[in-house]
Structures are given as structure tokens and as C-alpha cells.
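Chemist: Attaching a single structure in C-alpha cells format; questions to follow.
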Amino acid sequence: MAQAETDEGRGLLAEQRRAAIAAEVRARGGVRVTDLVLRFGVSDMTVRRDLDALARDGLLEKVHGGAVALGESSAHEPGFEAKRTLETAAKEAIAEAAAALVPRGGAVALSAGTTTYALARRLTDVSELTVVTNSMRIAELFAQRLRPPGARHGATVVLTGGMRTPSDALVGPVADQAIRSLNFDLAFVGCHGISIAAGLSTPNLAEAETNRALIAAARRVVAVADHSKWGLAGLATFAPLTAVDTWVTDGGLAETACAEAAEHVRHLLIA
1 MAQAETDEGR GLLAEQRRAA IAAEVRARGG VRVTDLVLRF GVSDMTVRRD LDALARDGLL
61 EKVHGGAVAL GESSAHEPGF EAKRTLETAA KEAIAEAAAA LVPRGGAVAL SAGTTTYALA
121 RRLTDVSELT VVTNSMRIAE LFAQRLRPPG ARHGATVVLT GGMRTPSDAL VGPVADQAIR
181 SLNFDLAFVG CHGISIAAGL STPNLAEAET NRALIAAARR VVAVADHSKW GLAGLATFAP
241 LTAVDTWVTD GGLAETACAE AAEHVRHLLI A
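Heads up: the sequence shown begins at 1 in UniProt numbering, then just goes up one per residue.
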């Protein structure tokens, strides 16, 4: 009973533990249940439940005694909930730093993604802000938190139309046409991968085109991507690093990567 109670208490940190497991699988190619039990101080059953959940989200493949990394292609696109559990502390730090860049009364664009979603949570109280987004999740967040219509303060939110992707982005010609008729002070864009060779990239071809439209309509472009995205490349590049005015990332980015990125983006901001 004592062990069960301990596991239940530590289950409050299940999302963080699963994110750490997923990150270790990506880094090492595989993990063993026995090693995870020792590392996290939880029961064998708790670890197996974690692996079951991560496997359902498409983040790893369970094998006898542990789990291995999936042989992901550059076109693999995890769902919103699967990505939301990864690098949560880094995303929150990035969101806090990025929110400080948003001016009162400004017009900003937020691309779809879990890091931009974390940023959106910090923008609901920014006075007289206009937000344009192709993220259904972000639009729903503002709808839940905004003050009553007609209030002098709070954000005005515009959700583009379009076709829905697995990550709850709205993309395609309808979204692209709506975005091209607008002008933003800032565009905050997330990405699947960021690298010198591939720039900012995504597994979804249509989402790449919509992100290009967001970038083209903005006076300044801010990439929000944690350290785990560095060196990854999705199927479609939607911007070179030289198109990024500011990249907001976290302290987990290696010094060598910081030095390389700083040579290409105009400003590197470590949260």
C-alpha cells in the first residue's frame, strides 16, 4: 500500500517523467524498464504505464523489457497532445521570454504549436492586443479566458479558416489567402525542426506554406523552439535561419549550437 501511495503521489509529475523518458529514447535510441525504475524511483508498473502512454502517442515503440525509438520519417507528424508533454519546462521558459517582446496594442501572429500555445497563455491579459492565429487550440484558449465582448482591454482574436492538421493547425488556400491580406508587427512561429541546412521546417507541406504566409506578413519574425528541435529537419522548409529576427530558445541548447545559430539568426535569446 505504501508503494502504491508513493507512486500515486509521484504520478502528479507523470507528464514531466514521460517527457524525460521520450527525450532519453530519442537521445539513446532505447531504454530499459529496469533502468527507468531506478532513475525515477517509481514502480515497474508505473514505468510500463508511461511507456504504454508514449507508445499510444506515437513517440516510441514498446519492446520486451523496454522501448526503442521509432524510425520516424521527415513526414511524421505527431498530434498536439503528444507534443504537449515534451520539454514542458523549456517551453514555459521560452513563452515567458517571448511574451516580453509583445507590445501593448500590437498586432501579432501566432502559428500553431505547443510552444506558441504556451506563449498564448501569457498574452490573454495584454491590453488591446490583436492576435491572428491558425491554431484551433490557441483560439479556444483565448475564447475561454477573454473578458466579455466590448471590454476596452484584452485581445481581439482572429482565427483563420482552413483544413485541420493532426496538430490542430488550420492550413491550405483559405488560411493562406486570409493571412496574405494582413500585416503584423510580430509573427511568432514554432517548428518541428531548426537547423542551419534546413532552416525552420515542418512535416506538413500545407502547413509550411501557411507558415510562409505568416512570415511574409510580419515586420519581425520570432522563432520559438526549444533545444531538442536543433538539428532536426521536417519534410518542408518554410524559412531559412537568416529570415529569423529573434530565436527564443532555452538553456538546454549546447554552446556549440548557440555559436552556430548566432551566426545566422539576427538575435539569439536564451530563456
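In this text, a Cβ means the ideal position worked out from N, Cα and C, and glycines have one as well.
Just to confirm my understanding: we take residue 96, look at its own chain, exclude 5 residues before and 5 after, and list those with CB closer than 7 Å. What are they?
Modeler: 122 and 271
Chemist: Is residue 2 buried or exposed, if buried means 16 or more other CB atoms sit within 10 Å of its CB?
Modeler: Note that residue 2 has pLDDT 38, beneath the 50 cutoff, so the model's placement of it is unreliable and no number is given.
Chemist: Helix, strand or coil for residue 5 per DSSP?
Modeler: Bear in mind that the predicted position of residue 5 carries a pLDDT of just 33, short of 50, making it unreliable; the figure below should be weighed with that in mind. Helix, per DSSP.
Chemist: Restricting to Cα atoms, I'd like to know which of 109, 129 and 248 is closest to residue 267.
Modeler: Residue 267 has its Cα closest to that of 248, out of 109, 129 and 248.
Chemist: Going by CA-CA distance only, name the one from 194, 133 and 227 that's closest to residue 254.
Modeler: 227
Chemist: For residue 269, which beta-bridge partners are listed by DSSP?
Modeler: 248
Chemist: Could you tell me which of 132, 141 and 143 sits nearest to residue 215, measuring between CA atoms?
Modeler: 132
Chemist: Contact defined as beta carbons within less than 8 Å: I believe residue 169 pairs with residue 112. What is the distance between those atoms, to the nearest angstrom?
Modeler: 3 Å
Chemist: Quick check on the burial criterion: 16 or more other C-beta atoms within 10 angstroms. Buried or exposed for residue 251?
Modeler: Result: exposed.
Chemist: Run the CB neighbour count on residue 190, radius 10 Å, all protein chains shown included, and call it buried at 16 or more, exposed below.
Modeler: buried
Chemist: Which one of 39, 171, 30 and 14 has the shortest CA to CA distance from residue 213?
Modeler: 171
Chemist: Please determine if the stretch 154-164 and the stretch 186-200 are in contact, where contact requires at least 3 C-beta pairs separated by less than 8 Å.
Modeler: no
Chemist: How many angstroms separate the CA atom of residue 88 from the CA atom of residue 159?
Modeler: 25 Å
Chemist: Just the C-alpha distance for residue 239 and residue 115, rounded to the nearest angstrom, thanks.
Modeler: Answer to the nearest angstrom: the Cα atoms are 18 Å apart.
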